[in-house]
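The next block holds one structure in the form of structure tokens; read it before the comments.
Residue numbers (my numbering): 1 to 173.
If you want it as structure tokens, here you go:
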């Protein structure tokens with residue numbers, strides 16, 4: 001009975017996350033970067049993490065939890081977007097083609113990609129495993145190059161970590 005309860009709780013948490021819309025962070029190596037029609041596709045091996053609330057927005061018990069999931073060869077798809085230039089916004093957001101070029105470069109070099117995905121949709125199997133991630137826009141960075149340029153310590157290998165309690169009930173920005 002105890003195991004069934006844990007499996008039920010696990011499925012509930014991930015079912016809630018699957019319906020959540022908002023920012024999603026990706027980190028890992030990528031392969032099979034391609035553009036078909038107006039969609040950038042790639043396979044991610046590494047980790048994805050995202051924040052989800054534990055209650056509705058107006059509930060005083062609302063807290064934010066971070067979920068981190070290890071993935072292998074997870075398909076990621078992002079439809080082409082347009083950039084409306086805003087001279088007051090720095091840095092300027094990357095265009096679709098600039099993002100494709102950066103993703104291809106990271107994959108070709110075998111470097112670690114870090115990316116933020118807007119309006120993500122995560123599809124899960126009946127067993128709670130991520131099957132597909134889709135989003136409306138992606139921001140891609142080459143973590144290996146960033147670390148070399150700024151003398152940042154190497155990123156640790158992705159590990160499954162329990163969500164930490166957040167003291168603030170507001171979503172972090």
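Idealized CB from N, CA, C, for every residue including glycine.
Small disclaimer: the values here were computed from a predicted structure and weren't measured.
Which complete beta strand (DSSP E) runs does the segment 61-138 hold, if anything under 3 residues is left out? Secondary structure in the segment 61-138: the beta strand (DSSP E) runs of 3 residues or longer, each lying completely within the stretch, are 64-79, 113-118, 121-124 and 130-135 in chain order.
With DSSP as the reference, label residue 145 as helix, strand or coil. Secondary structure at residue 145: helix, using DSSP grouped into helix, strand and coil.
For the structure I just gave you, are there three or more beta carbon pairs, one from the segment 71-83 and one from the segment 136-147, closer than 8 Å? Judged by Cβ distances under 8 Å, the segment 71-83 makes contact with the segment 136-147, as three or more pairs qualify.
Using 10 angstroms around the beta-carbon of residue 132, count the other beta-carbons present and answer buried if the total reaches 16, otherwise exposed. Residue 132 comes out exposed.
Per DSSP, cross-strand counterpart(s) of residue 30: 44
From 130, 98 and 110, pick the residue whose C-alpha is nearest to that of residue 40; which is it? 98
Would residue 72 and residue 52 be called neighbours here (beta carbons separated by less than 9 Å)? no
Provide the residue(s) that pair with residue 49 in DSSP beta bridges, ordered along the chain. 25 and 68
Just list the residues that DSSP pairs residue 39 with in beta bridges. Residue pairing for residue 39: DSSP places it in a beta bridge opposite 36 and 79.
Taking its Cβ as the centre, do 16 or more other Cβ atoms sit within 10 Å of residue 87, making it buried, or is it exposed? It is exposed - the Cβ of residue 87 has fewer than 16 other Cβ atoms within 10 Å.
By how many angstroms is the C-alpha of residue 54 removed from the C-alpha of residue 108? 40 Å
State the CB to CB distance for the pair residue 23 and residue 46, rounded to an integer number of angstroms; the pair is presumed to be in contact (CB under 8 Å). That belief does not hold up - the Cβ atoms of residue 23 and residue 46 are roughly 17 Å apart, past 8 Å.
Please report whether the beta-carbon of residue 76 lies at a distance below 9 Å from any beta-carbon of chain D. Checking the listed chains, one finds no chain D in this structure; it contains a single protein chain.
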